[in-house]
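Asker: Numbering of the first sequence is given in the UniProt record's numbering, commencing with residue 1 and proceeding in unit increments.
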Amino acid sequence: MSAPATALPHASLLHLSPHPALGPWARTRLTRSRCLASLAPVPAPLPADANHLVQTLCASGRLARAAALLQGLPAPTQRTYESLLLAAARAGDAALAASVHRRLEADPVFRSDPFLSTRLIDAYALLGSLPAARQVFDEAPVKSIFVWNALLKALALADHGEEALARLADMGRLGVPVDSYSYAHGLKACIAASASHVPASALVREIHAHAVCRGYGLHTHVATTLIDCYAKLGIVSYAERVFAIMPERNVVSWTAMIGCYAKNERPGDAILLFQEMMASDADIVPNSITIVSILHACAGVNALWQGKVLHAYILRRGFYSLVSVLNALMAMYMKCGCLEVGRHIFNWIGHRRDVVSWNTLISGYGMHGFGHEAIQVFEEMTQVGVSPSIITFISVLGACSHAGLVDEGKRLFESMVDYNVKPRAEHYACMVDLLGRAGHLDEAVELIQGMHIRPTPQVWGSLLGACRIHCHVEYAEMACSQLFDLEPRNAGNYVLLADIYSRAKLHNQVEVLKDLLKEHALEKLPGCSWIEVKKKLHMFVSVDNKNSQVEELQALIGEFVTEMKNDGYVPDTGVVLYDIEEEEKEKILIGHSEKLAVAFGLINSGRGEVIRITKNLRLCEDCHSVTKFISKFTEREIIVRDVNRFHHFRDGICSCGDYW
DNA sequence: TTAGGGTTAG
Numbered sequence: 001m002s003a004p005a006t007a008l009p010h011a012s013l014l015h016l017s018p019h020p021a022l023g024p025w026a027r028t029r030l031t032r033s034r035c036l037a038s039l040a041p042v043p044a045p046l047p048a049d050a051n052h053l054v055q056t057l058c059a060s061g062r063l064a065r066a067a068a069l070l071q072g073l074p075a076p077t078q079r080t081y082e083s084l085l086l087a088a089a090r091a092g093d094a095a096l097a098a099s100v101h102r103r104l105e106a107d108p109v110f111r112s113d114p115f116l117s118t119r120l121i122d123a124y125a126l127l128g129s130l131p132a133a134r135q136v137f138d139e140a141p142v143k144s145i146f147v148w149n150a151l152l153k154a155l156a157l158a159d160h161g162e163e164a165l166a167r168l169a170d171m172g173r174l175g176v177p178v179d180s181y182s183y184a185h186g187l188k189a190c191i192a193a194s195a196s197h198v199p200a201s202a203l204v205r206e207i208h209a210h211a212v213c214r215g216y217g218l219h220t221h222v223a224t225t226l227i228d229c230y231a232k233l234g235i236v237s238y239a240e241r242v243f244a245i246m247p248e249r250n251v252v253s254w255t256a257m258i259g260c261y262a263k264n265e266r267p268g269d270a271i272l273l274f275q276e277m278m279a280s281d282a283d284i285v286p287n288s289i290t291i292v293s294i295l296h297a298c299a300g301v302n303a304l305w306q307g308k309v310l311h312a313y314i315l316r317r318g319f320y321s322l323v324s325v326l327n328a329l330m331a332m333y334m335k336c337g338c339l340e341v342g343r344h345i346f347n348w349i350g351h352r353r354d355v356v357s358w359n360t361l362i363s364g365y366g367m368h369g370f371g372h373e374a375i376q377v378f379e380e381m382t383q384v385g386v387s388p389s390i391i392t393f394i395s396v397l398g399a400c401s402h403a404g405l406v407d408e409g410k411r412l413f414e415s416m417v418d419y420n421v422k423p424r425a426e427h428y429a430c431m432v433d434l435l436g437r438a439g440h441l442d443e444a445v446e447l448i449q450g451m452h453i454r455p456t457p458q459v460w461g462s463l464l465g466a467c468r469i470h471c472h473v474e475y476a477e478m479a480c481s482q483l484f485d486l487e488p489r490n491a492g493n494y495v496l497l498a499d500i501y502s503r504a505k506l507h508n509q510v511e512v513l514k515d516l517l518k519e520h521a522l523e524k525l526p527g528c529s530w531i532e533v534k535k536k537l538h539m540f541v542s543v544d545n546k547n548s549q550v551e552e553l554q555a556l557i558g559e560f561v562t563e564m565k566n567d568g569y570v571p572d573t574g575v576v577l578y579d580i581e582e583e584e585k586e587k588i589l590i591g592h593s594e595k596l597a598v599a600f601g602l603i604n605s606g607r608g609e610v611i612r613i614t615k616n617l618r619l620c621e622d623c624h625s626v627t628k629f630i631s632k633f634t635e636r637e638i639i640v641r642d643v644n645r646f647h648h649f650r651d652g653i654c655s656c657g658d659y660w
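See the structure below:
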């Protein structure tokens with residue numbers, strides 16, 4: 001069919017050949033603009049700078065045009081191949097990468113080029129095609145150290161840690177020099193070597209020793225990777241040792257060490273290290289990743305004042321344009337009890353919101369007990385076309401669980417398939433928690449028994465937690481028979497079962513469990529609470545004898561307890577597992593860290609101020625009852641964040657409705 | 001040519 005006579009003048013002009021009077025520069029420009037407009041056919045012969053044109057198309061994401069041009073290109077340059085491979089990897093276009101690969105294999109100039117072999121391996125690794133990456137390596141005629149390092153990186157990225165370590169060993173055997181890049185990839189591979197019969201910590205230590213012997217132990221990138229590896233393995237003291245001896249620390253190594261503390265439940269130390277970093281050297285300036293890490297640490301200890309200082313810093317440094325920073329800021333406010341400020345930041349982010357922003361808001365509502373609002377945000381998210389992720393469903397199911405929304409949770413769990421999200425063990429753990437807390441224990445057990453994947457400790461842990469609430473001995477024993485096998489060093493499981501036995505008056509079994517704890521030298525995680533008063537963070541440990549004010553604090557709590565007893569309150573000594581007199585048990589209850597923190601807040605803050613506390617464990621029933629009473633008796637608002645959720649105490653009532 | 005640190009949940 002011929003073009004209509006009324007075709008637009010500019011469109012028809014594009015089909016004319018460049019005027020012979022035009023110079024070479026103008027002719028090339030005209031040809032390029034036609035190609036970019038995708039209206040002109042591929043010109044033949046190709047312009048003199050066709051390689052440059054392909055590179056420009058790649059940079060602007062017009063891959064179809066770039067790929068078409070490549071086919072007729074008589075002499076692609078190294079840079080052209082590189083641009084195409086990088087663009088294909090970024091766009092997730094595996095077909096394009098394969099087509100460039102085929103073209104390269106037929107090119108006598110570059111088919112043996114080690115530079116392009118590394119680029120091919122990189123591209124296939126990013127596209128998730130490990131077999132193809134491996135094949136490029138095996139067939140590469142020249143295996144430079146770059147090619148080896150690219151393979152190590154690809155294997156570590158694909159979680160093929162054992163194979164990466166085997167290749168690293170090959171390098172030594174074949175006399176290929178190993179450099180700092182090889183060590184950095186090798187260390188990451190240790191963490192990915194989950195199926196290895198050798199523990200990851202032993203692998204990291206071995207490579208660490210090797211790097212030290214070869215003089216790479218203090219290399220900035222190697223040492224920073226070491227800090228991160230030890231952080232992920234939970235060996236904080238080793239990370240500290242590496243950090244301490246680093247001669248030339250930069251912002252990344254400081255951030256890695258701050259992140260190490262934050263990951264390993266030492267947010268207070270993360271904040272102290274950040275303050276040390278700021279005071280240490282004018283050249284070390286925190287970047288957005290440092291800010292995100294430290295905001296996470298502030299959220300961990302409810303350090304609202306420090307978080308507000310960071311908020312001001314974010315504004316000063318212009319980080320307000322970065323969504324990742326705003327997401328972390330939003331999470332910090334919500335975890336520090338300021339739900340509305342978090343919502344305000346979410347609104348402010350506007351159309352730049354990513355899936356993390358939505359997840360943060362959903363989980364924020366969830367942890368504050370606003371289940372319906374969390375579901376509403378979930379629905380809004382899907383309506384505007386954002387695909388829910390694995391974490392979205394964990395967040396929204398968790399929100400249903402905290403609010404006791406059983407039917408809504410079931411509906412959402414069943415809808416996961418509609419969003420192409422396959423339920424994982426984490427989602428089953430959420431559902432077991434939701435059903436179990438609400439008292440549907442039989443249904444929770446049926447769900448576990450029908451799982452298509454092996455139940456993880458989290459799933460059994462959810463069942464055990466529910467059994468503790470409803471004092472169900474039989475199912476608790478079922479859960480523990482799995483948990484003691486799966487995680488024999490987790491003292492918390494033994495303590496929970498002992499608690500259930502204690503409430504069921506099965507004292508002999510309590511003793512058996514206490515003996516087991518002693519036999520395995522397991523220690524219960526001590527209860528710990530934090531409170532920020534007058535811009536300073538204070539920490540309390542249960543039965544704390546170190547704080548100088550502790551006697552005064554306990555006396556104050558004792559007065560409240562006496563008042564409560566007049567109203568019929570009976571201390572819930574069931575949570576104390578020691579075989580001691582009732583009076584002694586009551587003393588232990590008075591020494592619980594959250595009660596000490598509440599009393600400290602009352603004494604050291606003004607009447608109108610909200611008391612904000614964070615606890616590292618679940619709030620015990622007795623502390624819950626006492627805090628409710630204190631909120632009414634003293635007319636103070638008290639907000640406690642425990643390991644699961646928020647409790648807003650006001651006028652003798654808690655926002656959780658005694659359901660947590 | 002290549003490499004190191006981060007947010008959302010449980």
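Ideal placement from N, C-alpha and C gives every residue a C-beta, glycine not left out.
Helix, strand or coil: how does DSSP classify K524 here?
Answerer: Residue state, collapsed to three classes: coil.
Asker: Buried or exposed, going by whether 16 or more other CB atoms sit within 10 Å of the CB of C656?
Answerer: The residue is buried, with at least 16 neighbouring Cβ atoms inside 10 Å.
Asker: P457 and L486: beta carbons closer than 7 Å?
Answerer: A contact, by the Cβ cut-off of 7 Å.
Asker: Bridge partners for K595 per DSSP, in chain order?
Answerer: According to DSSP, which records beta bridges pairwise, K595 is partnered with nothing at all.
Asker: V576 and K565 - do their beta-carbons sit closer together than 7 Å?
Answerer: Cβ distance not < 7 Å, so K565 and V576 don't count as in contact.
Asker: Could you give the first and the last residue of the continuous beta strand (DSSP E) run that contains I638?
Answerer: 638-641 is the extent of the beta strand (DSSP E) around I638.
Asker: Measuring straight from C-alpha to C-alpha, what distance separates V510 and G574?
Answerer: Distance between the alpha carbons of V510 and G574 is about 12 Å.
Asker: Nearest to K153 by alpha carbon, out of G369, T614, T118?
Answerer: If we check each option's Cα against that of K153, T118 comes out closest.
Asker: Checking the sheet assignment: what are the DSSP bridge partners for M539?
Answerer: Paired residue(s): W530.
Asker: How big is the Cα-Cα spacing for H507 and G527?
Answerer: So the two alpha carbons sit approximately 23 Å from each other.
Asker: Just mark I630 as buried or exposed, buried being the case when its beta carbon has 16 or more other beta carbons within 10 Å.
Answerer: Its Cβ being crowded by 16 or more others within 10 Å, I630 is buried.
Asker: Using three-state DSSP, classify F137 as helix, strand or coil.
Answerer: Note: F137 maps to helix in three-state DSSP.
Asker: Using the DSSP secondary-structure output, state which residues sit across from H647 in a beta bridge.
Answerer: Paired residues: V640.
Asker: Please classify E552 as buried or exposed, where buried requires at least 16 neighbouring CB atoms within 10 angstroms.
Answerer: Classification of E552: exposed, given that the 10 Å Cβ count is below 16.
Asker: Identify which residue in S180, S129, L126 has its Cα closest to the Cα of N149.
Answerer: With distances taken between Cα atoms, N149 lies closest to S180.
Asker: With a CB to CB cut of under 7 Å and the five nearest residues on each side skipped, what residues in its chain are close to D651?
Answerer: Result list for D651: S631, K632, in chain order.
Asker: By the 10 Å Cβ neighbour count, where 16 or more other Cβ atoms means buried, how is T225 classified, buried or exposed?
Answerer: It counts as buried.
Asker: Grouping DSSP H, G and I as helix and E and B as strand, with all else coil, what is I611?
Answerer: Three-state DSSP puts I611 in a strand.
Asker: Per DSSP, C654 forms a beta bridge with which residues?
Answerer: According to DSSP, C654 bridges with F649.
Asker: Exposed or buried, A37, counting other C-beta atoms within 10 Å across all chains shown (16 or more means buried)?
Answerer: Note that A37 scores a pLDDT of 39, beneath 50, so its modelled location is shaky and nothing firm can be said.
Asker: Tell me the rounded alpha-carbon separation between G215 and A166.
Answerer: Each residue's Cα considered, the two are about 21 Å apart.
Asker: Are the stretch 367-376 and the stretch 393-402 in contact at 8 Å, needing three or more beta carbon pairs?
Answerer: Yes, they touch.
Asker: One question on the structure: do A299 and K335 come within less than 7 Å of each other, judged by their Cβ atoms?
Answerer: Taking 7 Å as the Cβ cut-off, A299 and K335 qualify as a contacting pair.
Asker: Less than 8 Å between the CB atoms is what I'm expecting for residue 663 and L84, so what's the real figure, rounded?
Answerer: A question about residue 663 goes unanswered here, because the residues of the chain that appear run from 1 up to 660.
Asker: Mind reading off the beta-carbon distance from N262 to A256? Whole number of angstroms is fine, and I expect it under 8 Å.
Answerer: According to the sequence as given, residue 262 is Ala; it is not Asn. Contact doesn't hold; Cβ gap of about 11 Å is too wide.
Asker: Between A169 and the rest of its own chain, which residues show a CB-CB distance below 7 Å, the 5 nearest in sequence each way excluded?
Answerer: Closer than 7 Å at Cβ, skipping near neighbours: no residue.
Asker: Can you give the Cα-Cα distance for C620 and W305, rounded to whole angstroms?
Answerer: When rounded, the distance between both Cα atoms is 27 Å.
Asker: Rounding to the nearest angstrom, what Cα-Cα distance links F346 and E373 in this structure?
Answerer: Using only the alpha carbons, I get a separation of about 14 Å.
Asker: Quick check on DSSP: helix, strand or coil for S401?
Answerer: Of the three classes helix, strand and coil, the one that applies to S401 here is helix, per DSSP.
Asker: Could you please give the first and the last residue of the uninterrupted alpha helix (DSSP H) stretch that includes E635?
Answerer: No alpha helix (DSSP H) holds E635; DSSP gives it neither H nor E.
Asker: According to DSSP, is M451 part of a helix, a strand, or is it coil?
Answerer: Note: M451 maps to coil in three-state DSSP.
Asker: Nearest to L617 by CA position, among C480, R641, I500, is which residue?
Answerer: The residue with the shortest Cα to Cα distance from L617 is R641.
Asker: Once you ignore the five residues that flank C35 on each side, which residues in its own chain have a CB closer than 7 Å to its CB?
Answerer: Summary for C35: the model assigns pLDDT 41, below 50, so the residue's position carries little reliability, and this model does not support an answer.
Asker: Under 6 Å Cβ to Cβ from M539, same chain only, skipping five residues before and after it: list those, please.
Answerer: Only W530 meet the Cβ criterion.
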